[in-house]
Structure formats: C-alpha cells, structure tokens
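In terms of the UniProt record's numbering, the sequence shown has 299 at position 299, counting the first letter as 1, and numbering is strictly consecutive.
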Amino acid sequence: MAIKRSKVSVIGSGFTGATTALMMAQKELGDVVLVDIPDMEDPTKGKALDMLEASPVQGFDASIIGTANYEDTKDSDLVIITAGIARKPGMSRDDLVNTNAKIMKSVTKEIVNYSPDTYIVVLTNPVDAMTYTVFKESGLPKERVIGQSGVLDTARFRTFVAQELNLSVKDVTGFVLGGHGDDMVPLIRYSYAGGIPLEKLISKDRLDAIVERTRKGGGEIVGLLGNGSAYYAPAASLTVMAEAILKDQRRVLPSIAYLEGEYGYSDIYLGVPTVLGGKGIEEIIELDLTEDEKAALDKSADSVKNVLNVLE
Ligand SMILES: NC(=O)C1=CN([C@@H]2O[C@H](COP(=O)(O)OP(=O)(O)OC[C@H]3O[C@@H](n4cnc5c(N)ncnc54)[C@H](O)[C@@H]3O)[C@@H](O)[C@H]2O)C=CC1
Ligand SMILES: O=C([O-])CC(=O)C(=O)O
C-alpha cells in the first residue's frame, strides 16, 4: 500500500481555525481540510486557496482545501474543533456555553460519521466543558478526545517570566493546571529558568503578579483586540499538540483530559500534565501538590463543574 500523508481537518475557519490550518501546513503536518458552515463556504475556500498560494513561496508541501461538506473530511487522522462563537470585552468564556455546546454536538456527529477512529482536539470555549461535550457525543475513547488550554496558558506564563528575567523563552519552563478560566493554577514550584527554580530568581510579589497576569491572559488580549479573542498563540498551541500526536512524539504537555480518579476528580475534563503521542493522551502525570495548590485546583475544578451543570 502506498504511504500517505496525514490528513487533518480544522472545523471553524475563523481566526483560530485559519491560523492553525496555515501553521500546520507550514510545518508539513499533513493535508489540511478547513470546514465552516455553508454561509461561509466561499470565504473558507478563499482562505484555503490563499494559504495554498503561500506554499511555493515558503516551500511547504501540503494540500489545503476549504469546504462546507463534511464528506471532504473523510478519514481524517486528526480533527481540530474551533467552531463557535468567541467572547467580546465584558464577557466570560462561560457565557458562550449553551451556544457553543449546540455547535459541538452538531459538528461532532459529522466528524465521527466520516472519521470514526479519529483523534479530536477541542479549542472552542468554555473549553473544559466543550471537550466533555465532544467526548460524550463522539463515543470515542477518552484518550482520543483532548482539549487545549495548558499549552497556551503555560506559553503566556513563560513569556511573562522571560520578559521579567530578560532571558530566552527557550530556557523558561512552567506548568499550568486546572480549568481554562481565571482561577487556573500556574504551578510555580514546578517552573524553572535554565533548571533553576523560579522562586530563587524572582521575588514573591513579582511572581504573584505574573501568575495573575497569566490567569487573565485571555482577557488581556480580548480587551486589546476589541472584537474577538487571541488566535496566534492558540493556533501555535494547537499545532504543537497536533504534531505530538501525528508524529508520536510522546511530549510532556498539559492537556485537558478526562479524569477518572486522577487528582481526586472523576467524570470531568480538566487541564493536567499529560504525555501526548500517537495514542493521544498516553499518560496522565500525577504530581504531588501542597495543600494550597490542591485547594487552588479544587476551586478551578469547581468552576468547571458549575459550567457542566448548566449544560442543557
Ligand atoms: N481554548 C483556548 O485556549 C482558546 C479558545 N478559543 C475559542 O475558540 C473559538 C473560536 O475562536 P475564533 O476562531 O477566534 O472565532 P471566530 O469567530 O473567528 O471563528 C469561529 C468560526 O466558527 C464558525 N462556525 C460557527 N458555527 C459552526 C458550525 N456549526 N460548523 C462549522 N463552523 C462553525 C464560524 O462561522 C466562524 O468562522 C471560540 O469559542 C474561542 O473562545 C480561542 C482562543 C483560545
Ligand atoms: O480569552 C478567550 O476568550 C480566548 C481564550 O480562551 C484565550 O485566549 O485564552
């Protein structure tokens, strides 16, 4: 049998979906199918063609098509869901829940109809609850339905730490646990610059300020953009997760995973450290938490549960 390129479908051709499609094609992760609603079919085709026309200039090989027909997604190795509405200034991510839950249900039906063994990575907010919705609707095993928040939240944290210390972002590592909301839990104790614990390099006051800015990082961009939310860093985060799965890299990345007792929670999707590889979420890494860290994680998990409770 001939060797085939991977196929990745991106549902939603808005800011995050289109940017992710381009980034994945630039990294030659596979052929890309960009999907939106019938009313958006022509602009979606236009975006895909425009991206394709960048390929000779940048020298990447990938087919990129735009469509409103799910048949074109048939046999996708991986599907990324970005469909839905984004928040505007003054809104919380949770305000999007009922509109986006309906969209999750309808797109998930279409996805698994054409790709019954695929992997799904969800971006749409409120992302912990939307990943749960997609999991339930899809019937896929839990390790194949994954949400994106921690890669982005950790990237924001690393950016602010690198700025504070005037060091390369490459040398700063961190971990953000919990739900993708204002009470997410950046774990300072597990964060380093060049292997040196951050607590030895940055004062407590400044670290507290960085944690607070990380928690409100999405809102900071929403406030600046005025009409939508972040998309470059979210797309970069989705691309790294897609790469880990498609290339079976076994990267240690935070993902929104279905928990069955890990960290003391069950029947919930929540951000935790995971090993991402060719089987999707291959492991959930359980870190020892101090009482304060566990209390903060409990608070964040409670916020996610409150959103799950309003799901219709
Ligand atoms: N988890 C995370 O870290 C992040 C989550 N987000 C979330 O991602 C979502 C998308 O954000 P943007 O791309 O900026 O929004 P956008 O408004 O630019 O794009 C959304 C696209 O979804 C399409 N869409 C709506 N219903 C659809 C359906 N039934 N089938 C297919 N497509 C459909 C719309 O036509 C639109 O093109 C939002 O919910 C946002 O809050 C955004 C950034 C980070
Ligand atoms: O803030 C938003 O609404 C979009 C998002 O999740 C983020 O940028 O973290």
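Where is the CB? At the ideal position from N, CA and C, for every residue including glycine.
By alpha-carbon distance to A86, the top candidate from G174, P126, K105 is P126.
By the criterion of at least three beta-carbon pairs nearer than 8 Å, the stretch 189-196 is in contact with the stretch 162-175.
Here A2 is exposed, its C-beta having fewer than 16 other C-beta atoms within 10 Å. Spatial neighbours of I285 in its own chain (CB-CB distance under 8 Å, excluding positions within 5 residues in sequence) are listed in chain order as V252, V272, P273, T274, V275. Within the model, the alpha-carbon separation for A68 versus A209 is close to 44 Å. When the Cα atoms are used, A295 and E41 turn out to be separated by approximately 47 Å.
Taking all protein chains in view, the Cβ of K4 is surrounded by fewer than 16 other Cβ atoms within 10 Å, so the residue is classified as exposed. Secondary structure note for G12: it is in no alpha helix (DSSP H), with a DSSP letter that is neither H nor E. Judged by DSSP secondary structure, G90 falls outside any beta strand (DSSP E); it is assigned neither H nor E.
Residue environment: Y70 is assigned as buried (16 or more neighbouring CB atoms within 10 Å of its CB, all protein chains considered).
S106: member of the alpha helix (DSSP H) spanning 97-114, first to last residue. Counting only residues of its own chain and dropping the five nearest sequence neighbours on each side, Q58 has a CB closer than 7 Å to the CB of Q26. Within the model, the alpha-carbon separation for G17 versus S266 is close to 31 Å. Just measuring C-alpha positions, the residue of T73, N98, S76 sitting nearest L308 is N98.
For N227, the CB contacts under 8 Å within the same chain, skipping 5 residues up- and downstream, are K88 in chain order. A direct Cα-to-Cα measurement between V121 and V79 gives close to 6 Å. Taking all protein chains in view, the Cβ of V169 is surrounded by fewer than 16 other Cβ atoms within 10 Å, so the residue is classified as exposed.
By the CB criterion at 8 Å, D72 and V33 fall inside the cutoff. Relative to ligand 1, even the nearest heavy atom lies 7 Å or more away from the CB of P89. Taking a C-beta distance under 8 Å as the contact criterion, I256 and S115 do not qualify as a contact pair. At least one heavy atom of ligand 2 is found less than 7 Å from the C-beta of N125. Taking a contact as a CB-CB distance under 8 Å, the pair M241 and V145 does not count as one, their CB atoms being some 12 Å apart. Excluding sequence positions up to five before and after I281, its CB lies within less than 7 Å of the CB of E143, I146, S255, A257, T274, all in the same chain and listed in chain order.
Separation of D39 and P141 (C-alpha to C-alpha, rounded to the nearest whole angstrom) is 33 Å. In the DSSP secondary-structure assignment, A193 is bridged to V172, I196.
For G277, no alpha helix (DSSP H) run applies; the uninterrupted beta strand (DSSP E) run containing it begins and ends at 266-277, by DSSP. Linking T124 to D77 through their CA atoms gives a straight-line distance of about 20 Å.
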